[in-house]
Amino acid sequence: MGNKFRSIETKHYAEREAFFEGLKKLDRRAFLRVAGISAGIVAGMGKLTPQSFQLVNVAEAQGEKPKFSFAYISDTHLYENKLNDRFVRAILKAVDDVNALDPQPDFVLFGGDLAQLGQAGELKLGAQILKSVKAPIKMMVGEHDWFLDMGELWRDLFGAPNYSFDHKGVHFVVLNSIHEKDFWTERKLTPMERMKIVAGLDNGIQSRFEVGGEQRQWLQNDLAKVAKTTPLIVFSHSPLYKYYKPWNFWTDDADEVQAILKPYDKVTVIHGHTHQLLSNRIGNIQFHGMLSTAWPWPYAPEGLPALTVPMNRADPFSQFDGCGTGRMDVLESGLVDKVYNLWQRDPITVRSSYLASNGKQASPPKPKLPTY
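Using my numbering, you'd call the opening residue of the sequence shown number 1235 and step up by one each time.
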């Protein structure tokens, strides 16, 4: 009878089987084939991005050329492929995004929450897919990656959860900002019970996130070797400010970390976790939140940073709306223009000049629909 007489369910499962067969041998050629399957499904649903974010020349319009750029993928929340292929398709779309950038970014930041429940199959699947990113990868851990085995497998796969490096005159710091006070030992919780509590975010059992005293001391020691005029870019999974405590959009010792960063002339913090476009400035520190590839969180009912221009409400029936990837253009000044590559929408740029002027210059476009 031929393929055209197969039911939609049969076609879906045949495509799904081919999709995961391709993942088993994910070299570059296999990635392109598998990503093509996924992209074909997306195109068939009418869900193509209206404008490629690589075409937006964000810095030269302001008269300051970028010194270099890096891209990001964040908050993929992968399940094992036998349970859920939705988020696998999203990370493949994200990898295709950054691999299509021309010129290529100097590196790609992974912003944390690679896995959903920190399980070996989830983390290893993510590691396998990220090998297909053409640019070098810088990894950052999230709470969903950590609290099943307290980071044991993460260290085996990706190395230390906090580290620093220098690149083209900028000092970069990657923090593990998702430590919590021990709520599990006294309760005699299993590792998976602990993991599920942390993944819930809004329960009354767990503590709020923190960088912790030991790591703050490490940060002070690391920065002691850096001139105060050197631009700093800090990566943290949770925001290094206090946004909304009931949802754990919060870092308890954020004030102490900000005090360590305050003496430096130009500081930018890039964070994940909140799954939304977020812009903030505290003193000399500029903050940018990253999009998720998995789903967008609603904005909190209070505490939203005043400089955030919220994105439009996402379509609840669309997998990709309100999600995406992005790029940071590091300017000659050492500050960052942030491009949000919102899938199914035009990109949004949040310029360093907007934050530096407290919103008086270069304001991002205001939403045309209700936010969420």
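In this text, a Cβ means the ideal position worked out from N, Cα and C, and glycines have one as well.
Once DSSP output is grouped into helix, strand and coil, what is the label at residue i?
{"i": "Met1429", "result": "helix"}
{"i": "Phe1551", "result": "coil"}
{"i": "Leu1576", "result": "strand"}
{"i": "Arg1421", "result": "coil"}
{"i": "Asp1400", "result": "strand"}
{"i": "Pro1581", "result": "coil"}
{"i": "Pro1598", "result": "coil"}
{"i": "Asn1455", "result": "helix"}
{"i": "Pro1473", "result": "coil"}
{"i": "Phe1302", "result": "strand"}
{"i": "Asp1571", "result": "strand"}
{"i": "Leu1348", "result": "coil"}
{"i": "Leu1391", "result": "helix"}
{"i": "Pro1532", "result": "coil"}
{"i": "Asn1291", "result": "Caution is warranted here: a pLDDT of 41 is assigned to Asn1291, below 50, making its placement in the model unreliable, and the coordinate value is therefore given only provisionally. Asn1291 falls in the coil class under three-state DSSP."}
{"i": "Pro1604", "result": "coil"}
{"i": "Gly1593", "result": "coil"}
{"i": "Tyr1247", "result": "Here Tyr1247 scores only 45 on pLDDT, less than 50, and its place in the model should not be relied on; the value that follows carries that caveat. If DSSP states are grouped into helix, strand and coil, Tyr1247 belongs with the helices."}
{"i": "Gly1274", "result": "Any answer about Gly1274 is weak, because its pLDDT of 48 lies below 50 and its placement is not dependable; what the coordinates show is given next. Residue state, collapsed to three classes: helix."}
The alpha helix (DSSP H) that contains residue i, what's its start and end?
{"i": "Ile1504", "result": "First-last for Ile1504: 1501-1505, but that is the beta strand (DSSP E), not the alpha helix (DSSP H)."}
{"i": "Tyr1588", "result": "1586-1590"}
{"i": "Phe1321", "result": "1320-1333"}
{"i": "Ala1354", "result": "1354-1364"}
{"i": "Ala1488", "result": "1488-1495"}
{"i": "Phe1381", "result": "Run containing Phe1381: none; DSSP gives neither H nor E here."}
Kindly give me the distance between the Cβ atoms of residue i and residue j, rounded to whole angstroms, as I take these residues to be in contact under 8 Å.
{"i": "Phe1554", "j": "Gln1520", "result": "Going by Cβ atoms, the distance from Phe1554 to Gln1520 rounds to 28 Å, so no, they are not a contact pair."}
{"i": "Gln1444", "j": "Asp1487", "result": "Looking at the sequence itself, residue 1444 is Glu, so the reference to Gln does not match. That belief holds up - the Cβ atoms of Glu1444 and Asp1487 are roughly 5 Å apart, short of 8 Å."}
{"i": "Ala1324", "j": "Ala1534", "result": "The pair is not a contact, with the Cβ atoms about 23 Å apart (cut-off 8 Å)."}
{"i": "Leu1312", "j": "Leu1387", "result": "The pair is not a contact, with the Cβ atoms about 13 Å apart (cut-off 8 Å)."}
{"i": "Leu1512", "j": "Pro1539", "result": "6 Å"}
{"i": "Gly1383", "j": "Pro1339", "result": "Correcting the residue identity first, residue 1383 is Asp in this sequence and not Gly. Not quite, the Cβ-Cβ distance comes to about 31 Å (not below 8 Å), so this is no contact."}
{"i": "Ile1582", "j": "Pro1604", "result": "With a Cβ gap of about 17 Å, Ile1582 and Pro1604 do not count as contacting."}
{"i": "Asn1575", "j": "Gly1560", "result": "5 Å"}
{"i": "Val1460", "j": "His1405", "result": "5 Å"}
{"i": "Leu1457", "j": "Ile1516", "result": "Contact doesn't hold; Cβ gap of about 17 Å is too wide."}
{"i": "Pro1337", "j": "Val1564", "result": "With 8 Å as the limit, Pro1337 and Val1564 do not qualify as a contact, their Cβ atoms being about 14 Å apart."}
{"i": "Gly1355", "j": "Trp1380", "result": "Going by Cβ atoms, the distance from Gly1355 to Trp1380 rounds to 16 Å, so no, they are not a contact pair."}
{"i": "Gln1440", "j": "Glu1414", "result": "6 Å"}
{"i": "Val1570", "j": "His1522", "result": "7 Å"}
{"i": "Asn1333", "j": "Val1367", "result": "7 Å"}
{"i": "Tyr1478", "j": "Gly1537", "result": "4 Å"}
{"i": "Ala1361", "j": "Leu1391", "result": "5 Å"}
Residues bridged to residue i by DSSP?
{"i": "Asn1546", "result": "In the DSSP output, where bridge partners are listed per residue, Asn1546 has none listed."}
{"i": "Lys1372", "result": "Leu1343"}
{"i": "Glu1444", "result": "His1413"}
{"i": "Thr1608", "result": "Because the chain in this structure spans residues 1235 to 1606, residue 1608 falls outside the shown range and cannot be described."}
{"i": "Tyr1478", "result": "Phe1483"}
{"i": "Leu1317", "result": "Paired residue(s): none; Leu1317 is not in a bridge."}
{"i": "Val1408", "result": "Tyr1397, Phe1469"}
{"i": "Leu1538", "result": "According to DSSP, which records beta bridges pairwise, Leu1538 is partnered with nothing at all."}
{"i": "Leu1312", "result": "Ala1349"}
Please report the residue range of the beta strand (DSSP E) in which residue i lies.
{"i": "Asp1563", "result": "1558-1565"}
{"i": "Gln1520", "result": "1519-1523"}
{"i": "Leu1466", "result": "1466-1470"}
{"i": "Ser1513", "result": "1513-1516"}
* To do: Specify whether the region 1458-1471 and the region 1398-1410 touch according to this definition: at least 3 beta carbon pairs, one from each stretch, less than 8 Å apart.
  => yes
* Asked: When the Cβ atoms of the region 1331-1348 are set against those of the region 1307-1323, are three or more pairs found closer than 8 Å?
  -> yes
* Is it true that the region 1346-1354 meets the region 1365-1376, where meeting means three or more beta-carbon pairs spaced less than 8 Å apart? -> yes
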